[in-house]
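Enquirer:
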Amino acid sequence: PIPPESEQRCGLIAIVGKPNVGKSTLLNALVGQKISITSRKAQTTRHRITGMRTVEATQFVFVDTPGFQTRHGNALNRSLNRTVVGAVNDVDLIVFVVEAGQFNMADAKVLSLLPAKTPAILLANKFDLIHRRAEIAPWLRAMQERHDFAEFVPMSANNAKDIERLFGICEKYLPQQPWMYGAEELTDRSDRFMAAEIIREKLFRLTGDELPYTSTVIIDKYEEEGALRRVAATIVVERDGHKGMIIGEKGEKLKRIGTEARHELERLTGGKVFLEIWVKVRSGWADDEARVKTFGYE
Ligand code: GDP
Ligand code: K
Ligand code: MG
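Under our numbering, the first residue of the sequence shown is numbered 1, with each subsequent residue one higher.
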């Protein structure tokens, strides 16, 4: 039963941190379904991704963000950083994610963006990788001197009990106000958007280190015929050499990217998917403000 509006609680929670600390893994665990793509590479998340979870009278609206980019100042990275800066303002709570026991310049840069007025939780993720837990105490003292954190949560994003506990911690920072979304909604992103993201995830996971930063995916066609989806997508890269890396010998690599993406899209939509993927070279696209915009970055 849906509680009356006067009893509903709802708030925005931004998940921020440097690349690869586990923000998107955390969002997916909180929402209970994969809505944000993940990989071992930086720059996997390039958009603000909203995921919701409604538990009894409380609706948690989580916002996953790109990792803040401190290296190259190209147009794409400037856009990613604007997304991060935009996401930390006007939220009820900030979850600042770091790897437990670690803190470097890239973490410090993100920390400096947090508005002092907004309560922030220090989430020390990947706690499963810490073998000597006693070492965490001095690290935590140093962290508390850096920022006035409202809470400290050592945990692992892939541990279900830790995720349950996190809901309880976040809840008290959310105001009493009517829900923004339906009780069953999980994300505000469309299946068309998810299709581009899923293809990009497979591309990131199946190719070498050089590629991700200079590649993106655009959807040329997304047609629905009952339960069937016809999708055509283009992977855009910056160099001819990169095109070869994606296609692979006898087209094997591109075929694998397509097959894995198709299977995941079929799970997501619950129907059959026909997927065609093309590869196109647009040299310097990530340096070109206009092109970055046309390719869907805010
Ligand atoms: P993001 O860039 O901060 O969004 O990080 P991702 O969610 O893409 O995760 C980066 C990598 O860290 C992936 O390979 C995840 O599987 C891994 N990861 C995330 N959370 C944990 C955790 O709690 N423990 C361990 N061991 N690995 C994790
Ligand atoms: K990542
Ligand atoms: Mg991410």
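We put the CB at the ideal spot given by N, CA and C, even for glycine. Since we're looking at a predicted model, the values are computed, not measured.
#1: Taking R205 as part of the alpha helix (DSSP H), name the residues at either end of that continuous run.
#2: List the endpoints of the continuous alpha helix (DSSP H) containing M143.
#3: Relative to the alpha-carbon of E145, which residue among G244, L111, V61 has its alpha-carbon at the smallest distance?
#4: On the DSSP bridge list, what partners appear for L114?
#5: Contact between the segment 244-261 and the segment 194-205: three or more CB pairs below 8 Å?
#6: Is the closest heavy atom of ligand 1 to the C-beta of R146 under 8 Å?
#7: From the DSSP output, in three-state form, read off V84 for me.
#8: What separation, rounded to the nearest whole angstrom, lies between the Cα atoms of P19 and D148?
#9: In the DSSP output, what is D64 paired with across the bridge?
#10: Looking only at its own chain, which residues have a Cβ that is under 6 Å from the Cβ of E334, when we skip the five neighbours before and after it?
#11: Tell me which same chain residues have a C-beta within less than 8 Å of the C-beta of R299, skipping the five on either side of it?
#12: Please tell me whether, using a cut-off of 8 Å, the distance from the CB of D64 to the nearest non-hydrogen atom of ligand 1 is below it.
#13: Given that a residue counts as buried once 16 or more other Cβ atoms are within 10 Å of its Cβ, and exposed if not, what is K23?
#14: What residue range is occupied by the uninterrupted alpha helix (DSSP H) comprising E164?
#15: For ligand 3, I want to know if G51 counts as a neighbour, meaning its beta carbon is within less than 8 Å of at least one of the ligand's heavy atoms.
#16: Taking 9 Å as the threshold (C-beta atoms), are N28 and S36 in contact?
#17: For ligand 2, which residues count as neighbours when the test is a C-beta closer than 5 Å to any heavy atom?
#18: Using 10 angstroms around the beta-carbon of H131, count the other beta-carbons present and answer buried if the total reaches 16, otherwise exposed.
#19: Kindly indicate the opening and closing residues of the alpha helix (DSSP H) around I257.
#20: Would you identify the three-state DSSP class for T38, choosing helix, strand or coil?
#21: Among the candidates T214, A157, R256, W179, whose CA atom is the shortest distance from the CA of S6?
#22: With a threshold of 16 other CB atoms inside 10 Å of the CB of F167, please say whether the residue is buried or exposed.
#23: In chain order, what residues of the same chain lie with their CB nearer than 6 Å to the CB of R291, ignoring the 5 residues before and after it?
#24: With respect to 8 Å, is the separation between the Cβ of S36 and the closest non-hydrogen atom of ligand 3 below this value?
#25: I'd like to know whether the C-beta atoms of G244 and K255 end up nearer to each other than 9 Å.
Expert: In this structure, then:
#1: Numbered from 1 along the sequence shown, position 205 holds the residue referred to as residue 205. First-last of the alpha helix (DSSP H) with R205: 191-206.
#2: For the purposes of this step, residue 143 is identified with residue 143 of the sequence shown, where counting begins at 1. Its alpha helix (DSSP H) spans residues 136-146.
#3: Indexing the sequence shown from 1 puts residue 145 at position 145. Among G244, L111, V61, the Cα nearest to that of E145 belongs to L111.
#4: Position 114 of the sequence shown, counted from the first residue, corresponds to residue 114. Answer by DSSP bridge pairing: none, since L114 is not bridged.
#5: yes
#6: The residue labelled residue 146 in the question sits at position 146 within the sequence shown. Result no, Cβ not under 8 Å from ligand 1.
#7: Residue 84 sits at position 84 when you count from the first residue of the sequence shown. The answer is helix: DSSP assigns V84 an H, G or I state.
#8: Along the sequence shown, one-based indexing puts residue 19 at 19. Along the sequence shown, one-based indexing puts residue 148 at 148. CA-CA distance, P19 to D148, rounds to 23 Å.
#9: If you number the sequence shown from 1, residue 64 lands on position 64. For D64, which the question treats as bridged, DSSP gives the partners I15, I49.
#10: What is shown of the chain runs 1 to 298, which leaves residue 334 out entirely.
#11: The question about residue 299 has no answer, for the chain in this structure spans 1 to 298.
#12: Position 64 of the sequence shown holds residue 64. Indeed, a heavy atom of ligand 1 lies less than 8 Å from the Cβ.
#13: Start at 1 with the first residue of the sequence shown, and residue 23 comes out as number 23. It counts as buried.
#14: Locating residue 164 in the sequence shown gives position 164, counting from the first residue. From DSSP, the alpha helix (DSSP H) with E164 extends over 160-171.
#15: Numbered from 1 along the sequence shown, position 51 holds the residue referred to as residue 51. No - ligand 3 has no heavy atom lying nearer than 8 Å to the Cβ of G51.
#16: For the purposes of this step, residue 36 is taken as the residue at position 36 of the sequence shown. For the purposes of this step, residue 28 is taken as the residue at position 28 of the sequence shown. Closer than 9 Å, so yes.
#17: Residues whose Cβ lies closer than 5 Å to any heavy atom of ligand 2, listed in chain order: N20, T44.
#18: As a position in the sequence shown, residue 131 is number 131, starting the count at 1. The residue is exposed, with fewer than 16 neighbouring Cβ atoms inside 10 Å.
#19: As a position in the sequence shown, residue 257 is number 257, starting the count at 1. Here the alpha helix (DSSP H) through I257 covers 252-269.
#20: Taking the first residue of the sequence shown as position 1, residue 38 is located at position 38. The answer is coil: DSSP assigns T38 none of H, G, I, E or B.
#21: Looking up residue 6 in the sequence shown gives position 6. Nearest of T214, A157, R256, W179 to S6, Cα basis: W179.
#22: By one-based count along the sequence shown, residue 167 stands at place 167. Looking at its Cβ environment, which holds fewer than 16 other Cβ atoms inside 10 Å, F167 is exposed.
#23: Within the sequence shown, residue 291 is the residue found at index 291, counting from 1. W285, listed in sequence order.
#24: For this step, residue 36 is matched to residue 36 along the sequence shown. True, at least one ligand heavy atom lies under 8 Å from that Cβ.
#25: On the sequence shown, position 244 is the one that residue 244 refers to. On the sequence shown, position 255 is the one that residue 255 refers to. It is not a contact, given that the beta carbons lie outside the stated cut-off.
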